[in-house]
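**Q**
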DNA sequence: TAAAAATACTCCATAGGTATTTTAT
DNA sequence: ATAAAATACCTATGGAGTATTTTTA
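Protein chains in written order, with this note's numbering: chain A, 1256 to 1546; chain B, 1256 to 1546.
(1) By the three-class DSSP mapping on this structure, what secondary structure does residue 1320 of chain B have?
(2) Below 9 Å on C-beta distance, what does residue 1400 of chain B contact in chain A?
(3) Check distances from the C-beta atoms of the region 1332 to 1349 of chain B to those of chain A and list, in chain order, the residues that come in under 9 Å.
(4) Could you have a look at residue 1200 of chain A and say whether DSSP puts it in helix, strand or coil?
(5) Using a Cβ-Cβ cutoff of less than 6 Å, which residues in the same chain neighbour residue 1449 of chain A once the five nearest sequence positions on both sides are dropped?
(6) Please give me, in chain order, every unbroken run of the beta strand (DSSP E) with length at least 3 that falls completely inside the region 1361 to 1407 of chain B.
(7) Would you check if the distance between the CB atom of residue 1348 of chain B and the CB atom of residue 1375 of chain B is smaller than 8 Å?
(8) Output yes or no for whether 8 Å exceeds the beta carbon distance between residue 1341 of chain B and residue 1342 of chain A.
(9) Looking at the secondary structure, which residues open and close the alpha helix (DSSP H) in which residue 1461 of chain A lies?
(10) Here's the rule I'm using: 16 or more other beta-carbon atoms within 10 Å means buried, otherwise exposed. How should residue 1392 of chain A be labelled?
(11) Please state the DSSP three-state secondary structure of residue 1534 of chain B.
(12) Check whether chain B comes within 8 Å of residue 1291 of chain A, counting only Cβ atoms and requiring the distance to be less than that.
(13) What runs of the alpha helix (DSSP H), each 4 residues or longer, lie entirely inside the region 1461 to 1524 of chain A?
(14) In chain A, which residues lie with their C-beta within 8 Å of the C-beta of residue 1327 of chain B?
(15) How far does the alpha helix (DSSP H) with residue 1414 of chain B in it reach, from first residue to last?
(16) Quick check: residue 1398 of chain B and residue 1526 of chain B, are their CB atoms within less than 8 Å of each other?
(17) CB residue 1332 of chain A to CB residue 1269 of chain A, shorter than 8 Å?
(18) Count the other CB atoms within 10 Å of the CB of residue 1503 of chain A; is the residue buried (16 or more) or exposed (fewer)?
(19) Rounded C-beta distance between residue 1311 of chain A and residue 1266 of chain A? I'm assuming under 8 Å.
(20) List, in order along the chain, the chain A residues whose C-beta lies closer than 7 Å to that of residue 1533 of chain B?
(21) Assign residue 1390 of chain B to one of two classes, buried (16 or more other C-beta atoms within 10 Å of its C-beta) or exposed (fewer than that).
(22) Among B/1475, B/1507, B/1505, which has the Cα closest to the Cα of residue 1492 of chain B?
(23) Between residue 1236 of chain B and the rest of its own chain, which residues show a CB-CB distance below 6 Å, the 5 nearest in sequence each way excluded?
(24) What is the C-beta distance between residue 1368 of chain A and residue 1541 of chain A, in whole angstroms, given that I count them as a contact (C-beta under 8 Å)?
(25) Identify the contact partners of residue 1258 of chain A in chain B, using a Cβ-Cβ distance below 9 Å as the criterion.
(26) Of the residues that make up the region 1280 to 1306 of chain B, which ones have a beta carbon closer than 9 Å to any beta carbon in chain A?
(27) For the beta strand (DSSP E) containing residue 1347 of chain A, list its first residue and its last residue.
(28) Compute the Euclidean distance between the alpha carbons of residue 1426 of chain A and residue 1533 of chain A, then round it to the nearest angstrom.
(29) Please report whether the beta-carbon of residue 1536 of chain A lies at a distance below 8 Å from any beta-carbon of chain B.
(30) Give me the chain A residues within the contact set of residue 1434 of chain B, using Cβ-Cβ distance strictly less than 8 Å, ordered along the chain.
(31) Using a Cβ-Cβ distance under 8 Å, would residue 1320 of chain A count as near chain B?
(32) Closer than 9 Å, Cβ to Cβ, to anything on chain B: give me those residues from the region 1378 to 1400 of chain A, in chain order.
(33) What whole-angstrom Cβ distance do residue 1422 of chain B and residue 1460 of chain B have, given they're in contact under 8 Å?
(34) Whole angstroms is fine: what's the gap from residue 1303 of chain B's alpha carbon to residue 1314 of chain B's?
(35) According to DSSP, is residue 1448 of chain A part of a helix, a strand, or is it coil?
(36) Quick one: grab the DSSP three-state call for residue 1310 of chain B.
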C-alpha cells in the first residue's frame, strides 16, 4: 500500500530534484529517502525519477504522479478539515421539526439566530403534528423539535417563550362596546376551538381560563387551524380564546381583548438527550437553561 | 500524519461496525485495530466512532469522514493507474514535428497507425522547417520528427519510405508529344525549384538527376512550396523535377513522366535516443528497424 | 576526482500480538 | 453472565541511521 508519507516525501523530492536536500527538508537521511522512493516505485511498478550520481529528473510518469499526488495531499487535508468541521458542528445537517404554533412564534427567531452563528449548516425544516414529534425524534428523522412541551420523559424540553391568551371577538360583537371584558362575559357565546388532539396544551389552557370564569363553553365549532379560527371569528360565527401572538395577523374584522391573569401557553425546543449531532449540541448551547 | 492504512481500515470498520470482525478482514487483531482507530481520531482531533462494549456506531464526523475517505481511496487508486498508464505510454503526450514533405507522404499513415494502438495519447502536430528540427528536438519542444534524414549525429533516423523523382511538364509543352523523355531532354528548359535551404535532400537529388543527364539547370525560378511549383508548371512557366508522390495533386495542366534510374528521396522518423518519453518508445516499437 | 546516489549493516521505534480488564446489557 | 471494546505489556518488523561503495561527468 502506498502511504501518504511516501507521497509527501516524493513531492518534496520532485521539487528539489536532489536526494540530500530533500531528505533534509523532510527530516530524513539521504539513504532513507532513496529507499523510500525505491519502495514507492516498486509499488507503482514504474520509475518516477531517473537518476544518476550527476542528475535527478522526473520521468513522464513521475510528472504525472507529481500532478496527481499534489491533488491527493490537498484532498486529504480537505477531508481532515471537513471532518473536523462536522465534528464541531460548523458544517452538517440539522433536522428541525416544528409545530404551527412554533411557526407563528419562535421558529423564525430560533432559525435566524442559529444560522447567524452556523451559516454553513443545512437546516431541514419539517412542519409536524405535535403528536408525531416523539416518534419522529426517536426514529432519527428530526434532531430537534420547536414546539410546545412534548410531555415525554425520554425527551428534554427547554422553554424559550411564553405568553398569555386573549379573547378574539368579531368587531361587530355587542361586547365590543364595553371597555373591559372578563372571560365570564363570554359565557353562552359560541366558541371557535381547535380539537384537543391537534394542540392539547392550548385546548387545556382555554378550558382552564373558562373554568376560572366559572363556566365551560357549550356551543362549539371545531376547526384545526388557528388561522381559520380568526377567519370564522371575523365572519361573526363566534368568539375564541387564542394565544396573544395571533394578534399579529391583525384581521380587520377581529378585536382582541386581554384576559386577566390568563394561563400562559409556552413554546421552546425539545430534543433527545442521547442524540450527539454536533449541530444539535451547538443549537442547545445557544439557548442555555436559565438556571 | 494520517496514513492510507488507517483510512482503509477505518472504512472496513465503518462498514462492519464491529472491531473483531473488521480486524479479521484486514488481518489485524481487535486490540490493534482499536488502537489504530484511536490514533486516527487523535490525529483528527475528533471522535469518528462512538463505542461501548455493546454498540459501535459512526458519529456525524465519522459519517462525513467515511464519505470523504471513500473518495480518497478511489483517488489514490486512480493516481496509481494514471501513473502506470503514463509509464506504459498508453496515456500521455507526444509532440511531433513534421516537414511539409512528410505531410504529403507518411505523416497521415504514421499518425493513424499510432493512434489506432494508443488512442488516449494526445498528439501535438507541429509543422516545422527541416532546419529547425534538431534545435526543437534538443530543447524538448518535440519528441519525434517526421521528416527526411536530419543528418545530425546525436539523433537517430529510421527510414519508412522512399520514392523516385519524376518530371513535371506543362500539358502544352512540346516534349509531351514524345512517348519517352529522358532528363537530358530538359536541358535548356526553365526549371522551377525550391531553394536548397528549404529542402536540401530534394534539391541535391534533383541536381544529381540533372548531372546524370549531363547538364545543370540554367534558367531557374525559385519558390519554396512544392504546391506552388506544380501551379507554376501548370501555367507553362517551366518544368520541374518533383517527388513522385506529387502526382497525387493531379493538376490538369501538368503531365508527369518517370525518370530512368532516378535518385530516391526518403522520409522517416527521427528522434533523440536519450528521450525516454514512453509514448516515443511505443511509436518506435511500432516501426522497428528492418534489420 | 568529486559530488551524489546506491548499498550494506545495524538499530530502534512503533505497529502489532497476547493476555487481561473493563463495561454495558 | 456474556460479548465486546479497552488496556497493559511484550514482541518483532520494517523504517531509519551510519558507514561505505558505486557511478558519472
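No residue lacks a Cβ here, since even glycine has one placed at the ideal position from N, Cα and C.
**A** Taking the geometry as given:
(1) One-based indexing of the second chain puts residue 1320 of chain B at position 65. Helix, per DSSP.
(2) Translated into the one-based positions of the second chain, residue 1400 of chain B becomes position 145. Contact of residue 1400 of chain B with chain A by beta-carbon distance below 9 Å is absent, the smallest such distance being about 19 Å.
(3) Under the 9 Å Cβ criterion, the region 1332 to 1349 of chain B contributes 1333, 1334, 1335, 1337, 1338, 1339, 1340, 1341, 1342, 1343, 1344, 1346, 1347, 1348.
(4) As displayed, chain A neither begins before 1256 nor continues past 1546, which places residue 1200 of chain A out of reach and without an answer.
(5) Along the first chain, read from residue 1 onward, the residue named residue 1449 of chain A stands at position 194. Taking C-beta separations shorter than 6 Å and ignoring five residues to either side along the sequence, the partners of residue 1449 of chain A in its chain run 1479, following chain order.
(6) The qualifying runs are 1376 to 1382, 1399 to 1402.
(7) The sequence position of residue 1348 of chain B within the second chain is 93, counting from 1. The sequence position of residue 1375 of chain B within the second chain is 120, counting from 1. The answer is no: Cβ separation not under 8 Å.
(8) Translated into positions along the second chain, residue 1341 of chain B becomes position 86. Translated into positions along the first chain, residue 1342 of chain A becomes position 87. Taking 8 Å as the Cβ cut-off, residue 1341 of chain B and residue 1342 of chain A do not qualify as a contacting pair.
(9) Taking the first chain and counting its residues from 1, one reaches residue 1461 of chain A at position 206. From DSSP, the alpha helix (DSSP H) with residue 1461 of chain A extends over 1455 to 1467.
(10) Stepping through the first chain from its first residue, residue 1392 of chain A is reached at position 137. Looking at its Cβ environment, which holds 16 or more other Cβ atoms inside 10 Å, residue 1392 of chain A is buried.
(11) Here residue 1534 of chain B refers to the residue found at position 279 of the second chain. In this structure, residue 1534 of chain B counts as helix in the three-state DSSP scheme.
(12) Looking up residue 1291 of chain A in the first chain gives position 36. With 8 Å as the cut-off, residue 1291 of chain A does not count as an interface residue toward chain B.
(13) Runs found: 1481 to 1489.
(14) As a working mapping, residue 1327 of chain B is identified with position 72 in the second chain. Within chain A, the residues near residue 1327 of chain B are 1327, 1330, 1331, 1334.
(15) For the purposes of this step, residue 1414 of chain B is identified with residue 159 of the second chain, where counting begins at 1. Here residue 1414 of chain B belongs to no alpha helix (DSSP H); instead the beta strand (DSSP E) covers 1411 to 1425.
(16) As a working note, residue 1398 of chain B is residue 143 in the second chain. As a working note, residue 1526 of chain B is residue 271 in the second chain. Yes, Cβ-Cβ distance for residue 1398 of chain B and residue 1526 of chain B is below 8 Å.
(17) For the purposes of this step, residue 1332 of chain A is taken as the residue at position 77 of the first chain. For the purposes of this step, residue 1269 of chain A is taken as the residue at position 14 of the first chain. Contact: no.
(18) Your numbering for residue 1503 of chain A matches position 248 in the first chain. Residue burial annotation: residue 1503 of chain A is exposed, with fewer than 16 other C-beta atoms found within 10 angstroms of its C-beta.
(19) As a working mapping, residue 1311 of chain A is identified with position 56 in the first chain. As a working mapping, residue 1266 of chain A is identified with position 11 in the first chain. About 14 Å; that fails the 8 Å criterion.
(20) Here residue 1533 of chain B is taken as the residue at index 278 of the second chain, counted from 1. Here the neighbours are 1315.
(21) Counting from 1 along the second chain, the entry for residue 1390 of chain B is found at position 135. Looking at its Cβ environment, which holds fewer than 16 other Cβ atoms inside 10 Å, residue 1390 of chain B is exposed.
(22) The residue given as residue 1492 of chain B occupies position 237 in the second chain. Selected option, being the one with the closest Cα: B/1475.
(23) Examination of residue 1236 of chain B is not possible in this model, given that chain B is present from 1256 through 1546 alone.
(24) Position 113 of the first chain, counted from the first residue, corresponds to residue 1368 of chain A. Position 286 of the first chain, counted from the first residue, corresponds to residue 1541 of chain A. That belief holds up - the Cβ atoms of residue 1368 of chain A and residue 1541 of chain A are roughly 6 Å apart, short of 8 Å.
(25) Counted from its first residue, the first chain places residue 1258 of chain A at position 3. Near residue 1258 of chain A (Cβ distances below 9 Å), the residues of chain B are 1256, 1258, 1259, 1260.
(26) If the cut-off is 9 Å between Cβ atoms, the region 1280 to 1306 of chain B has 1298, 1299, 1300, 1301, 1302, 1303, 1305 near chain A.
(27) Against the first chain, residue 1347 of chain A aligns to sequence position 92. Residues 1347 to 1353.
(28) Counting from one through the first chain, the residue named residue 1426 of chain A turns up at place 171. Counting from one through the first chain, the residue named residue 1533 of chain A turns up at place 278. Using only the alpha carbons, I get a separation of about 50 Å.
(29) Position 281 of the first chain holds residue 1536 of chain A. No, its Cβ sits nowhere closer than 8 Å to a Cβ of chain B.
(30) Walking along the second chain from the start, residue 1434 of chain B turns up at place 179. Residues of chain A whose Cβ lies closer than 8 Å to the Cβ of residue 1434 of chain B do not exist, since the nearest Cβ in that chain is about 57 Å away.
(31) For the purposes of this step, residue 1320 of chain A is taken as the residue at position 65 of the first chain. Yes, because at least one Cβ of chain B sits closer than 8 Å to the Cβ of residue 1320 of chain A.
(32) Residues of the region 1378 to 1400 of chain A with a C-beta less than 9 Å from any C-beta of chain B: none at all.
(33) Taking the second chain and counting its residues from 1, the one referred to as residue 1422 of chain B is at position 167. Taking the second chain and counting its residues from 1, the one referred to as residue 1460 of chain B is at position 205. Contact between residue 1422 of chain B and residue 1460 of chain B is ruled out by a C-beta separation of about 13 Å, above the 8 Å threshold.
(34) Working through the second chain from its first residue, we reach residue 1303 of chain B at position 48. Working through the second chain from its first residue, we reach residue 1314 of chain B at position 59. Residue 1303 of chain B and residue 1314 of chain B: Cα-Cα distance of roughly 5 Å.
(35) The sequence position of residue 1448 of chain A within the first chain is 193, counting from 1. Here residue 1448 of chain A sits in strand by DSSP.
(36) The sequence position of residue 1310 of chain B within the second chain is 55, counting from 1. Note: residue 1310 of chain B maps to coil in three-state DSSP.
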